[in-house]
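Each residue of the sequence shown is one higher than the one before, starting from 54 at the first, in my numbering.
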Amino acid sequence: MNSSQAPFAISEDQIAAIRKEGFVLLPNVLTPRQLIEWQKKLSELNEFAVGACNTQAQPTNMGFAESHGQTLLTRVNDLFAYYPDAVLDLMASPAILNIARGFGGEDIVPLQCDALFKQFYEHSEVLWHQDAIHSRNFPYFNIGIYLDDASAEDGCLELVPGSHHDVQDIRNLNNDFGWDIPGKIKVPAKAGDVIVHDMMVLHASGVKRNEKVRRTIYMEMRPAIAILEQGFQSKKWMELRRRWMAMVLRKSGMNFHNPSYIELIKDLANDADEFEQILAHREPPVPALY
Numbered sequence: 054m055n056s057s058q059a060p061f062a063i064s065e066d067q068i069a070a071i072r073k074e075g076f077v078l079l080p081n082v083l084t085p086r087q088l089i090e091w092q093k094k095l096s097e098l099n100e101f102a103v104g105a106c107n108t109q110a111q112p113t114n115m116g117f118a119e120s121h122g123q124t125l126l127t128r129v130n131d132l133f134a135y136y137p138d139a140v141l142d143l144m145a146s147p148a149i150l151n152i153a154r155g156f157g158g159e160d161i162v163p164l165q166c167d168a169l170f171k172q173f174y175e176h177s178e179v180l181w182h183q184d185a186i187h188s189r190n191f192p193y194f195n196i197g198i199y200l201d202d203a204s205a206e207d208g209c210l211e212l213v214p215g216s217h218h219d220v221q222d223i224r225n226l227n228n229d230f231g232w233d234i235p236g237k238i239k240v241p242a243k244a245g246d247v248i249v250h251d252m253m254v255l256h257a258s259g260v261k262r263n264e265k266v267r268r269t270i271y272m273e274m275r276p277a278i279a280i281l282e283q284g285f286q287s288k289k290w291m292e293l294r295r296r297w298m299a300m301v302l303r304k305s306g307m308n309f310h311n312p313s314y315i316e317l318i319k320d321l322a323n324d325a326d327e328f329e330q331i332l333a334h335r336e337p338p339v340p341a342l343y
């Protein structure tokens, strides 16, 4: 690891924390320039999406809510379809790349890169759920990059530490306890912070009470071998994710010594063509459990 990466090195304590508790908060990960850049881009994307809804059919691969006659953007899937260069730059930055490989190892690949917009409206809560059930033989986590503050009073992330070790009976937990599941905590974050959470940690977020939208970029990460082990997605889909990671490594300009990636980088086409292949071969995600 070179000196430029040192401030973003993942410690053994942080690795132990996510294994035990199912999450870790990493403050001030984004640089001021990155934060401003992505705040601007997602503001532009929000204006485009809502404007398109008002003049034509809703754009595909996005989620919307209706509130008091107003259309609200809530989700954009495949963020690289809109900002391919910027997404690669972000993923290849020393901080994000070290987070991904520090928690996931050298075989880690990106599965998705989406943006969530938590809007101010009456149904803005996200119910208790586990993102994806899996064997737990390999790391599987989301990197949540916060572009706006998430305070304890404004529907921040809530989770149950340690709940990721097992499949949870969420229906009975909801019936018995409602929102106040035993052991839950709030995890507030500031703009520029990152929360890494295990895909099986039980989590939710309450109603947004501040009128300002909260935007978060989520990068779903998993070792390539784990995709094959579960078999929910195809080998071709997995190989496209390995090519995506090879694009990230190529963009980073760092020296990595994994022979398979050295050869894969040599085989890459230009970024636009590679992303076109990824978008052309969609497969469903591992389903969440609510």
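Ideal Cβ positions, reconstructed from N, Cα and C, are used throughout, including at glycine. Since the model is a prediction, treat every value here as computed from it, not as a measurement.
> Rounded to whole angstroms, how far is the Cβ of His187 from the Cβ of Leu342, which I believe are closer than 8 angstroms?
Replying inline: About 11 angstroms separates the two Cβ atoms, so there is no contact after all.
> Alpha carbon to alpha carbon, what distance is there between His334 and Phe76?
Replying inline: 31 angstroms
>> Quick check on the DSSP output: what are the complete alpha helix (DSSP H) runs of length 4 or more inside the stretch 131-201, in order along the chain?
In response: 137-145, 147-157
>> Please state whether the Cβ-Cβ distance between Glu178 and Val103 is less than 8 angstroms.
In response: no
> Between Val140 and Arg295, is the Cβ-Cβ spacing less than 8 angstroms?
Replying inline: no
> By how many angstroms is the C-alpha of Val129 removed from the C-alpha of Glu119?
Replying inline: 16 angstroms
> Since Gly116 is in the beta strand (DSSP E), which residue starts that stretch and which ends it?
Replying inline: 115-120
> How should Gly284 be labelled, buried or exposed, when 16 other C-beta atoms within 10 angstroms of its C-beta is the threshold for buried?
Replying inline: exposed
>> On a Cα-Cα basis, can you pick out the residue from Gly306, Val301, Tyr314, Pro340 that is closest to Asp138?
In response: Val301
> Quick one: what's Phe230 bridged to in DSSP?
Replying inline: None, per the DSSP bridge assignment.
> Three or more C-beta pairs closer than 8 angstroms, one from the stretch 237-251 and one from the stretch 81-90: is that the case here?
Replying inline: yes
> So what does DSSP say about Val266, is it helix, strand or coil?
Replying inline: coil
> Ordered along the chain, which non-local residues of its own chain (more than five positions away) have a Cβ less than 7 angstroms from that of Glu65?
Replying inline: none
> What are the partner residues of Val247, as DSSP defines its beta bridges?
Replying inline: Leu79, Ile198
> Can you find a heavy atom of the ligand GDP that lies under 7 angstroms from the Cβ of Asn227?
Replying inline: The ligand content of the structure shown is nil, which means the ligand GDP is not present either.
> When the Cα atoms are used, what is the spatial distance from Leu317 to Gly197?
Replying inline: 28 angstroms
> With 16 as the cutoff for other CB atoms within 10 Å, does Leu332 come out buried or exposed?
Replying inline: exposed
> If you follow the beta strand (DSSP E) that Thr108 is part of, which residue opens it and which one closes it?
Replying inline: Thr108 -> not in any beta strand (DSSP E); alpha helix (DSSP H) instead, spanning 85-108.
>> Out of Pro340, Tyr314, Trp91, Glu327, which one is the CA nearest neighbour of Leu200?
In response: Trp91
>> Suppose you measure from the CA of Ala203 to the CA of Leu255; what does that come to, to the nearest Å?
In response: 18 angstroms
> Any idea which residues DSSP pairs Ser273 with across the strands?
Replying inline: Ser is not the amino acid found at residue 273; the sequence shown has Glu there. Answer is Gln165, Asn195.
> Relative to the alpha-carbon of Phe173, which residue among Val220, Asp207, Glu211 has its alpha-carbon at the smallest distance?
Replying inline: Asp207
>> Below 8 angstroms on the Cβ atoms is my contact criterion, and I expect Cys106 with Met272 to pass it. Report the Cβ-Cβ distance as a whole number of Å.
In response: 26 angstroms between Cβ atoms; not a contact.
>> Mapping the DSSP letters down to three states, classify Val301 as helix, strand or coil.
In response: helix
> Just how far apart, CA to CA, sit Ala242 and Glu336?
Replying inline: 32 angstroms
> Rounded to a whole number of angstroms, what is the C-alpha to C-alpha distance between Gln67 and Leu180?
Replying inline: 27 angstroms
>> Rounded to the nearest angstrom, what separates His176 and Val213 at their Cα positions?
In response: 22 angstroms
> By DSSP, does Ile318 sit in helix, in strand, or in coil?
Replying inline: helix
> Applying the criterion that 16 or more other CB atoms from any shown protein chain within 10 Å of the CB defines a buried residue, is Val220 buried or exposed?
Replying inline: exposed
> Where does Ser313 fall in DSSP's three states?
Replying inline: helix
> So, does the CB of Val260 fall closer than 8 angstroms to a CB anywhere in chain D?
Replying inline: In the structure shown, chain D does not exist; there is a single protein chain.
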